[in-house]
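Trainee: Residues are numbered in my numbering as their position in the sequence shown, beginning at 1, plus a constant of 38.
Before we start, here is the structure in question, set down as structure tokens.
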Amino acid sequence: MSEVVSYDREGAIGIITVNYPPVNALGHAVRTGLLEALKQGQTDNDAKMLLVVCEGRTFVAGADIREFGKPMQEPGLVTVINTFESSDKPVVAAIHGTALGGGLELALGCHYRIALDSARVGLPEVKLGLLPGAGGTQRLPRLTGAKKALEMITTGEFVKADDALEAGIIDAVAQGDNSRTIGLEYAAKLIAEDKPVRRVRDITDKISADQGTEVFEAFRNNLTAKARGLFSPFKCVDAVEAAFSLPFDEGMKRERELFIECMESPQRGGLVHAFFAEREVSKVPGLPKDTPVRDVKSVGVIGAGTMGGGIAMNFANAGIPVTIVELKQEALDKGLSVIRKNYESSAKKGRITTAQVEERMALIKTSLSYDDFKSVDLVIEAVFENMDIKKQIFGQLDKVCKPGAILASNTSTLDIDEIASATSRPEDVVGMHFFSPANVMKLLENVRGTKTSDEVKATVMALAKKIGKVGVMVGNCYGFVGNRMLHRRGAEATALVNEGASPQQVDKVLTDLGFPMGQFAMSDLAGIDVGYSIRKERRKSGEDIPANWMDTLAEEGRLGQKTMAGVYQYEEGNRKPVVDPKVDELIAGFRKEQGIEPRAITDQEILERCMYVMVNEGAKILEEGIADRSLDIDIVWIYGYGFPAYHGGPMFWADQVGVKTIYETVKRFHDTVGGDQWKPSELLAKLASENKKFGDL
Ligand code: 3H9
């Protein structure tokens, strides 16, 4: 008998139970076990009906992603599911948790489906660069029709049990907390009603109704804008279309061909890397799993600006009360009204109810005094980037906050140790770097100071999860992981324009690579004054940062989207960057002033200089232990800066380009372009000489 799939019987119902933690993925042992258990059920003369259930937290959550890229071991999932569907005894699937990917496909291969009301179903393969490859693209549309199937398969979004019932994906929903119990009751009812085998492959009414409709073309057109650069969503549409144009078995063959194309696409590699990396980042090397975590029941935020307000919303969304402190009532009123507006706009879009708007607003209190931080468990300071002010604030917090309260700074560049030095409890001080807009962006870069305690580190990592963020623990240095690399790219992009490229040429190379926006469109969004004041501070402290045309923009008051003009110009109510000839003139003037003769710059040079400079910096970040693993850097960039997940993050991307190629180009730029940013990282050199990848570290 299989260790991960068992068979037993209650009355006339033969029960096939999958027990393969953590998520009952369909690895080889499960596939084999399912076939064995099915056989047992079929030969068990006392079993009139069979029931598939799962132990643990969820129904089968899909194929075993860890097996991808390795040689497939028989039996394949398609064989398993077809064998279930062919069974002469009716088979019922009882779903709890999530039935995803191959898991839902298995359920669709069963003859009846019931789910707990808390369950969700979905075909999220597209998020891994794939399409449902075990009949999902052929069976789902037979139950739902084209539109719903296309929506589910091209977005990968999960559907709640009630909605799945309405869409025809499942046959019944039951309340309770045990899928075996509801499954047994449902199967008993079906036996009493003498329900026969009912195979989805034979259901054709929805298929004939939707045949020849324009729904497929409309979907493709829609995807062109939505799934920019992605490969598999389009293949998903092709596969679903095959369900309408081909008989079932032919459709299955077409699905397989398209599935293999996706499996072999480099995007699958990038997206699967991103999937596992997102989970790995929560396991911080050197931080024991059982490190105690402090209970954070209330939070204080200093600053009611865009950042402070966004941060406060995260906690209110998670049901945690927040107190925002500002210097002036006016700032508090303004901040609070922005928060309300954001919530109301979410309610309008149907993301939350109007009652939830009020519930969340009620969790946000405002105050003009730090005294109101006396009892909070965590304070996050979100004022502008000025070390003296931050130290002053932390000195005050040290006096007011209770022992054991965590004192966090949302600084995006400044030294956490220096901030901590303003307190008598550096072990409680940590960086919590949110990304703008803080209520939307998924990254939380948690910065450990030299003295930050393990307990505080574990608490902020756990808190990230609680508020729906992906927390990455990083070390303390200028700009940490994300901004340190970004500033390198920004300086290089600016230099490329100094030398002859146009801002839009640079931006296009980056958007062609898959970034949602280029370097300069991003500067306009963040505000040109942000980088300008950072450069000013750094020049003041003696760093040699040459003048550039971005300084001129800031000095002329072109601060980006907020002034309707920056590197680009903007029209009222539209965030689309429009090229402004005045900026070309300004750049030309700057070059003249500096005695620069502009040259033609190729897109390849832009790509290499913008991307390799980041990879070289990333390698230095690893060398210095600022990031523990290359996957931490990848996740910072995917969730903080919109790095295309299908490239797997900058370090994974570098591995695909080839570390050696990058190292040699970095060396060449060091000799030709010059500057510290092109000094090859020792780690990069070492990996190149050993023919290794960042992923091998
Ligand atoms: C597919 O099915 C292809 C077929 O159509 C065709 C085949 C021919 N495999 O996320 P969590 C691990 S493609 C292996 O932290 P949660 C995960 O790495 C698949 N491992 O928990 C983690 O491991 P660790 C389509 C998997 O409660 C642990 O389980 N299915 C898989 O927040 C817990 O995961 C999907 O894409 C897997 N399929 O969320 C579903 N799934 O503890 C992907 C998870 O060592 N999975 N693990 O770090 C999910 O969306 C979430 O994991 C789930 C649970 C919602 C299930």
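Glycine residues also receive a C-beta, built at the ideal position from the N, C-alpha and C atoms.
For the ligand 3H9, is there any heavy atom lying closer than 8 Å to the beta carbon of Lys165?
Mentor: As a position in the sequence shown, residue 165 is number 127, starting the count at 1. It does: the Cβ of Lys165 is within 8 Å (strictly closer) of some heavy atom of the ligand 3H9.
Trainee: Please tell me whether, using a cut-off of 8 Å, the distance from the CB of Gly94 to the nearest non-hydrogen atom of the ligand 3H9 is below it.
Mentor: Numbered from its first residue, the sequence shown carries residue 94 at position 56. Incorrect: Gly94 has no Cβ contact closer than 8 Å to the ligand 3H9.
Trainee: Quick check: does the Cβ of Asp200 come within less than 8 Å of any heavy atom belonging to the ligand 3H9?
Mentor: Mapped onto the sequence shown, residue 200 falls at position 162. Outside the cutoff, so no.
Trainee: I need the DSSP call for Lys185, collapsed to helix, strand or coil.
Mentor: Residue mapping note: residue 185 aligns to position 147 of the sequence shown, counting from 1. It is helical.
Trainee: Between Gly171 and the ligand 3H9, is the CB less than 8 Å from at least one heavy atom?
Mentor: To locate residue 171, count along the sequence shown from 1; it is residue 133. Yes; taking the cut-off as 8 Å, the Cβ of Gly171 has a heavy atom of the ligand 3H9 nearer than that.
Trainee: Identify, in the order they occur along the chain, each residue of the same chain with its Cβ nearer than 6 Å to the Cβ of Leu401, setting aside the five sequence neighbours on each side.
Mentor: On the sequence shown, position 363 is the one that residue 401 refers to. So the list reads Ala354, Pro359, once near-sequence residues are dropped.
Trainee: Out of Gln715, Ala460, Arg306, Leu161, point me to the one whose CA is closest to Ala683's CA.
Mentor: Against the sequence shown, residue 683 aligns to sequence position 645. Closest by alpha carbon: Arg306.
Trainee: Considering just the uninterrupted stretch of the alpha helix (DSSP H) at Gly307, what are its terminal residues?
Mentor: For this step, residue 307 is matched to residue 269 along the sequence shown. Per DSSP, Gly307 belongs to the alpha helix (DSSP H) from 304-318.
Trainee: Who are the Cβ neighbours of Gly433 in its own chain at under 6 Å, not counting the five residues just before and after it?
Mentor: Residue numbering aside, residue 433 sits at position 395 when the sequence shown is read from its first letter. Closer than 6 Å at Cβ, skipping near neighbours: Ala460.
Trainee: Locate the beta strand (DSSP E) running through Asn57, then write down its first and last residues.
Mentor: Locating residue 57 in the sequence shown gives position 19, where the first residue counts as 1. Note, Asn57: premise wrong, no beta strand (DSSP E); not H, not E.
Trainee: With distance defined between alpha-carbon atoms, name the residue in Asp371, Gln367, Met351 nearest to Gln394.
Mentor: The sequence position of residue 394 within the sequence shown is 356, counting from 1. Answer by Cα proximity: Met351.
Trainee: Using a threshold of 8 Å, is the CB atom of Val116 nearer than that to any non-hydrogen atom of the ligand 3H9?
Mentor: The residue you call residue 116 lines up with position 78 of the sequence shown. Indeed, a heavy atom of the ligand 3H9 lies less than 8 Å from the Cβ.
Trainee: By the three-class DSSP mapping on this structure, what secondary structure does Asn120 have?
Mentor: Residue mapping note: residue 120 aligns to position 82 of the sequence shown, counting from 1. Residue state, collapsed to three classes: helix.
Trainee: Excluding sequence positions up to five away, which residues of its chain have a Cβ less than 8 Å from the Cβ of Glu368?
Mentor: For the purposes of this step, residue 368 is taken as the residue at position 330 of the sequence shown. Excluding positions up to five away in sequence, the list is empty.
Trainee: Output needed for Leu188: all residues of its chain with C-beta closer than 6 Å, excluding positions within five of it in sequence on either side, in chain order.
Mentor: Within the sequence shown, residue 188 is the residue found at index 150, counting from 1. So the list reads Phe257, Val278, once near-sequence residues are dropped.
Trainee: So what's Val360 in DSSP terms, helix, strand or just coil?
Mentor: In the sequence shown, counting from the first residue as 1, residue 360 sits at position 322. The answer is strand: DSSP assigns Val360 an E or B state.
Trainee: Determine the contact status of Leu144 and Ala172, defining contact as a CB-CB distance below 9 Å.
Mentor: On the sequence shown, position 106 is the one that residue 144 refers to. On the sequence shown, position 134 is the one that residue 172 refers to. It is a contact, given that the beta carbons lie within the stated cut-off.
Trainee: What does the alpha-carbon distance come out to for the pair Lys489 and Asn514?
Mentor: Looking up residue 489 in the sequence shown gives position 451. Looking up residue 514 in the sequence shown gives position 476. In a straight line, the C-alpha of Lys489 is about 11 Å away from that of Asn514.
Trainee: Could you check which residue in Pro113, Met511, Pro475 has the C-alpha nearest to that of Ser491?
Mentor: One-based indexing of the sequence shown puts residue 491 at position 453. Residue Met511 is the option with its Cα nearest to Ser491.
Trainee: What residues in its chain sit with their C-beta under 7 Å from that of Val129, if we drop five residues either side in the sequence?
Mentor: Locating residue 129 in the sequence shown gives position 91, counting from the first residue. If we look at Val129 and ignore the five residues flanking it on each side, its Cβ neighbours are Leu88, Val90, Phe122, Cys148, His149.
Trainee: Hey, Val159 and Ile119: beta-carbon distance below 9 Å or not?
Mentor: Counted from its first residue, the sequence shown places residue 159 at position 121. Counted from its first residue, the sequence shown places residue 119 at position 81. Going by C-beta atoms, Val159 is not nearer than 9 Å to Ile119.
Trainee: Lys403 lies in the beta strand (DSSP E); which residues open and close that run?
Mentor: Here residue 403 refers to the residue found at position 365 when the sequence shown is read from its first residue. Taken as a continuous stretch (DSSP letters only), the beta strand (DSSP E) holding Lys403 covers 402-405.
Trainee: State the start and end residues of the unbroken alpha helix (DSSP H) segment that holds Arg486.
Mentor: Here the question's residue 486 lines up with position 448 in the sequence shown. Note, Arg486: premise wrong, no alpha helix (DSSP H); beta strand (DSSP E) at 481-486.
Trainee: Report the CB separation of Lys698 from Ala657 in whole angstroms; it is logged as a contact under 8 Å.
Mentor: For this step, residue 698 is matched to residue 660 along the sequence shown. For this step, residue 657 is matched to residue 619 along the sequence shown. Actually they do not touch by this definition, with Cβ atoms about 13 Å apart.
Trainee: As a quick exercise: from Phe411, Leu365, Ser405, Thr344, pick the residue whose alpha carbon is nearest that of Lys379.
Mentor: By one-based count along the sequence shown, residue 379 stands at place 341. The candidate whose alpha carbon is nearest that of Lys379 is Thr344.
Trainee: For Phe314, is the beta carbon positioned less than 8 Å from some heavy atom of the ligand 3H9?
Mentor: Here residue 314 is taken as the residue at index 276 of the sequence shown, counted from 1. Flag set: Cβ of Phe314 near the ligand 3H9.
Trainee: Among the candidates Gly696, Val711, Lys717, whose CA atom is the shortest distance from the CA of Asn729?
Mentor: Against the sequence shown, residue 729 aligns to sequence position 691. Checked all of Gly696, Val711, Lys717; the closest Cα to Asn729 is Gly696.
Trainee: Bridge partners for Leu445 per DSSP, in chain order?
Mentor: The sequence position of residue 445 within the sequence shown is 407, counting from 1. Note: Leu445 sits in a beta bridge opposite Val417, Val467.
Trainee: What are the boundary residues of the alpha helix (DSSP H) that includes Thr70?
Mentor: Reading the sequence shown from its first residue, position 32 is the one you call residue 70. Residues 66-81.
Trainee: Let me check you understand the geometry: is the CB of Lys244 closer than 8 Å to at least one non-hydrogen atom of the ligand 3H9?
Mentor: One-based indexing of the sequence shown puts residue 244 at position 206. Lys244 Cβ: outside cutoff for every heavy atom of the ligand 3H9.
Trainee: Pick helix, strand or coil for Asp240, following the three-state DSSP scheme.
Mentor: The residue given as residue 240 occupies position 202 in the sequence shown. Three-state DSSP puts Asp240 in a helix.
Trainee: Under three-state DSSP, which class holds Glu48?
Mentor: Residue mapping note: residue 48 aligns to position 10 of the sequence shown, counting from 1. Strand at Glu48.
Trainee: Output needed for Asp333: all residues of its chain with C-beta closer than 8 Å, excluding positions within five of it in sequence on either side, in chain order.
Mentor: Translated into the one-based positions of the sequence shown, residue 333 becomes position 295. Excluding positions up to five away in sequence, the list reads Asp415.
Trainee: Less than 8 Å between the CB of Thr136 and some heavy atom of the ligand 3H9, yes or no?
Mentor: By 1-based counting over the sequence shown, the position of residue 136 is 98. Under cutoff, so the answer is yes.
Trainee: The ligand 3H9 and Gly107: does any heavy atom of the ligand fall closer than 8 Å to the residue's C-beta?
Mentor: In the sequence shown, the residue the question calls residue 107 occupies position 69. Checking the Cβ of Gly107 against the ligand 3H9 gives no.
Trainee: I'd like the span of the beta strand (DSSP E) that includes Thr96, first residue to last.
Mentor: As a first step, residue 96 is located in the sequence shown; it is residue number 58 there, counting from the start. No beta strand (DSSP E) holds Thr96; DSSP gives it neither H nor E.
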